[in-house]
Amino acid sequence: HFLVLLCRPRRRRAAAYAYDARRAVCERVGSGNNWAVGFHVHAPALRDALADAVRREAEHADRLEAFHLLHSCAGGTGSGLGSFATTLLADDYPNVLRLNSVVFPYHSGEVIVQNYNALLTLAHLQGVSDAIMLLENQTASDMLIKALQIEKPSIRQINRELAVPLASALGPGSGAEAQSSLAASVAFLCPSPSAKWLSLWSVPQTRESFASFTRDNWGGLLRRLALMVRQRQPLEMAARPASQARNAVAALQICMHGDGADRVSSADLRPIEAVPEDERLRVVASPAAASGVDRAVAAASNCQYATGVVGRVVERSERMLRSRAYLHQYERFGVGLDHFAASYARVQQVVARYEDLG
């Protein structure tokens with residue numbers, strides 16, 4: 005099953021929101037965990053419906069600056085339909101920025117061909133997206149288990165662990181950079197079309213039940229975040245000052261949420277200012293609290309950390325392709341070995357670009 009929501013939320017009851025079902029494109033069919041089926045079979049059949057839904061929403065926008073697409077890359081629908089929808093937007097709205105937030109699967113155990121689908125998705129998006137945010141189920145689960153001591157995280161908890169930092173890092177704010185927008189964030193973080201893989205970071209990583217017993221200051225939060233980014237370590241508890249790990253950062257945007265976020269001193273900002281290359285730091289502030297704590301910092305970065313996420317996909321895909329494992333399932337729908345080889349080469353070129361940063 006898949007559901008494509010291309011609409012503004014409407015108010016329901018006092019404080020809840022829901023999407024208007026009349027503005028959704030919905031089909032009760034799957035893609036068999038196959039990127040080729042999602043892209044070449046189901047998506048073309050929905051092209052007109054998708055285009056009409058986007059057009060209706062676009063007509064309500066006072067100023068259309070960016071599209072934000074959220075989809076997975078392990079199965080066939082999220083990967084194939086997500087890739088197709090991005091191409092559709094690139095064709096119909098070439099001057100509107102496109103950000104894809106792509107959920108990567110667990111390192112093992114979800115779908116046997118998950119690395120194939122992720123490889124094909126990344127390679128395709130490289131040509132039609134302006135920025136690709138890499139969201140990791142594995143990291144979100146590890147954070148819930150190790151840092152927040154939740155033994156068996158639910159899908160809802162994992163989704164929240166991904167969604168809150170994403171919204172916090174890219175959401176609107178004010179302060180040193182005045183008004184922030186999604187388009188401004190994308191343009192700042194991805195000035196080069198050859199390097200547009202983004203990663204998320206957030207502090208504090210504390211159970212909400214402990215929040216009332218702690219009060220972090222801005223300087224401490226920013227020092228901890230700087231350490232995590234430098235060491236390519238998304239888990240706060242695993243970052244160590246003595247570690248030799250290094251992370252070249254092309255651009256970094258931080259968003260501070262909570263009391264006094266718009267009054268953070270230059271001294272408190274100094275540790276984070278030293279992280280990105282050529283001082284490419286963008287600071288956004290919002291007085292609204294996030295994550296159930298009084299003060300929090302979320303960041304989006306364009307950095308070498310992404311190569312570790314993608315590297316696992318590339319390595320495992322290559323290993324399967326050598327034996328042509330499950331390749332026939334893709335060949336039936338027009339994606340053969342040549343397509344995989346081109347996708348592999350394209351992604352490897354981006355990996356090499358990031359390795360050159362260091």
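Numbered by the working numbering, the letters in the sequence shown go through residues 5 to 362 in order. Note that beta-carbon positions come from the ideal geometry of N, C-alpha and C, so glycine has one too. Predicted model, so just to flag it, every value in this text is computed and none were measured.
Under the three-state reduction of DSSP, Gln-153 is assigned to coil, being neither helix nor strand. Asn-38 sits in coil when the DSSP states are folded into three classes, being neither helix nor strand. Taking a contact to require three or more Cβ pairs closer than 8 Å, the segment 89 to 103 and the segment 32 to 39 do not qualify as touching.
Put simply, the segment 156 to 172 does not touch the segment 116 to 133. Fewer than three CB pairs are less than 8 Å apart.
For Leu-239 and His-111, the gap between their C-alpha atoms comes out near 16 Å. In the DSSP annotation of this structure, the continuous segment of the alpha helix (DSSP H) that includes Gln-142 starts and ends at 141 to 146. Taking a C-beta distance under 8 Å as the contact criterion, Ala-294 and His-261 qualify as a contact pair.
Of the residues assessed, Asp-220 falls on the buried side of the cut-off, its CB having 16 or more other CB atoms within 10 angstroms. Secondary structure note for Phe-344: its alpha helix (DSSP H) is the uninterrupted segment 341 to 359.
Distance between Leu-123 and Leu-139, taken at the CA atoms: about 15 Å.
With a 10 Å radius around the Cβ and a threshold of 16 neighbouring Cβ atoms, Cys-194 comes out buried. Using a 10 angstroms sphere on the CB of Ser-76, the tally of other CB atoms reaches 16 or more, which defines it as buried.
DSSP places Val-168 in the uninterrupted alpha helix (DSSP H) bounded by 159 to 174. Fully contained in the segment 185 to 229 are the following beta strand (DSSP E) runs of length 3 or more, in chain order: 201 to 207. In the structure shown, the three-state DSSP call for Ser-112 is coil. Between Gln-209 and Met-137 a beta carbon distance of about 19 Å is seen, past the 8 Å cut, so the two are scored as non-contacting.
For the options Ala-230, Asp-266, Ser-172, Pro-245, the alpha carbon positioned closest to that of Gly-296 is the one of Ser-172. Counted as a single uninterrupted DSSP element, the alpha helix (DSSP H) harbouring Glu-61 occupies residues 51 to 63. For Val-45, no alpha helix (DSSP H) encloses it, and the DSSP letter there is neither H nor E. DSSP links Ile-258 through a beta bridge to Val-287, Ala-303. Secondary structure at Arg-267: helix, using DSSP grouped into helix, strand and coil.
For Met-137, DSSP records a beta bridge to Ser-105, Leu-202. Pairing Leu-204 with Ala-304 gives a Cβ-Cβ distance under 8 Å.
Excluding five sequence positions before and after Val-207, the CB atoms of its chain that fall closer than 6 Å to its own CB belong to Leu-225, Arg-228, Leu-229, Glu-240, Val-301, given in chain order.
Looking only at Tyr-23, Ile-116, Ala-62, the smallest Cα-Cα distance to Leu-331 is reached by Ile-116. Under the DSSP assignment, Leu-74 falls outside any alpha helix (DSSP H), being part of the beta strand (DSSP E) whose first and last residues are 70 to 76.
Gly-82 and Asp-263 have their C-alpha atoms roughly 38 Å apart. Between Leu-186 and Glu-63, the C-beta gap is not smaller than 8 Å, which leaves the two residues out of contact. Check the Cα spacing between Pro-48 and each of Phe-88, Arg-32, Gly-79: the tightest is with Phe-88. Assigned with DSSP and collapsed to three states, Val-117 falls in coil, not helix or strand.
Going by DSSP, Tyr-334 is part of the alpha helix (DSSP H) stretching over 331 to 335. By the CB criterion at 8 Å, Val-355 and Gly-312 fall outside the cutoff. About 37 Å separates the CB atoms of Gln-333 and Asn-251; that is not less than 8 Å, and the two are not in contact. Here Gln-235 has Ala-243, Arg-244, Ser-247, Ala-249, Arg-250, Asn-251 as same chain residues with Cβ atoms under 8 Å from its own Cβ, once five neighbours each way along the sequence are excluded. Per DSSP, the continuous alpha helix (DSSP H) segment holding Ser-87 begins and ends at 86 to 96.
Burial state of Leu-54 is buried, judged by a 10 Å Cβ sphere holding 16 or more other Cβ atoms.
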